[in-house]
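Report on the following structure.
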Amino acid sequence: MTTSFGQLLTGAREKRGLSIADAAHETRIPAQRLRYLESGNFAAFGSMTYARSFIRQYSDFLEVDATAMLEELPEGALGGERDYRYLTHSQGAWLRDRDAAPERVLAPSSRRTRSIKSPLPAAIAVFVLILAGTAIWGMHVMESQQQIVPEALKALPVAEDEEMPVTAAQPAKLIMSSRKTTLVD
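Residues in the sequence shown are numbered from 11 upward in steps of one, following the working numbering.
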């Protein structure tokens with residue numbers, strides 16, 4: 011039956027006018043794998059799980075019913091819970107009956123176990139400390155500048171009201187002669 015199914019796939023592909031390369035491009039299945047499917051060489055896939063998956067995908071693309079073929083093929087090497095025994099022996103009982111109540115499993119604690127922590131919280135803390143230090147330094151500089159300015163103002167002489175010039179109601183006349191210049195009010 012495997013040969014006839016391969017011929018059925020080949021006939022469906024040729025009926026659509028597609029080459030192996032075209033079918034490989036459309037399905038994204040490597041062309042060599044399609045040749046294996048059409049020749050019935052399922053042992054070339056390494057695992058029947060892969061062969062079954064490619065058969066299902068290729069037959070859906072060609073619109074061919076593959077249920078009979080998939081029923082005839084053997085299950086994959088790891089077809090069920092019974093095939094995962096090597097994991098049960100090395101890792102403990104992790105497979106359980108779905109109807110059974112879940113058991114509480116405690117992870118073994120180890121003092122040597124060290125978790126890898128993200129450097130992000132530490133980077134944020136350093137950034138906040140730098141920001142706070144800069145703010146405190148800036149406030150200190152601002153306060154010292156404010157203290158220097160009043161001291162500089164105290165050192166400048168202040169003109170008293172009596173010495174302040176009064177603006178005249180009329181401008182003074184300037185009389186110029188060749189000998190001397192005088193101002194007349």
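Each residue gets a CB set at the ideal place from its N, CA and C atoms; glycine is no exception.
{"Query": "Assigned exposure category for Phe15 - 16 Cβ within 10 Å defines buried", "Result": "buried"}
{"Query": "When Pro129, Ser154 and Gln17 are compared against Ser69, the one with the closest alpha-carbon", "Result": "Gln17"}
{"Query": "Segment contact flag, the segment 74-85 with the segment 35-44, C-beta cutoff 8 Å, min 3 pairs", "Result": "no"}
{"Query": "Rounded distance between the beta-carbons of Phe71 and Glu36, thought under 8 Å", "Result": "6 Å"}
{"Query": "7 Å CB neighbourhood of Lys25 in its chain, flanking five on each side removed", "Result": "none"}
{"Query": "Through-space distance from Phe137 to Gln156, alpha-carbon basis", "Result": "29 Å"}
{"Query": "Pairwise C-alpha distance: Arg23 and Ala34", "Result": "11 Å"}
{"Query": "Buried versus exposed, by CB contacts within 10 Å (16 or more), Arg6", "Result": "The structure shown does not extend to residue 6, since the chain is modelled only from 11 to 195, so the question has no answer here."}
{"Query": "As assigned by DSSP and simplified to three states, the class of Arg43", "Result": "helix"}
{"Query": "Assigned secondary structure, Val74 (DSSP; H/G/I helix, E/B strand, else coil)", "Result": "coil"}
{"Query": "Cα-Cα separation, Leu28 to Arg38", "Result": "14 Å"}
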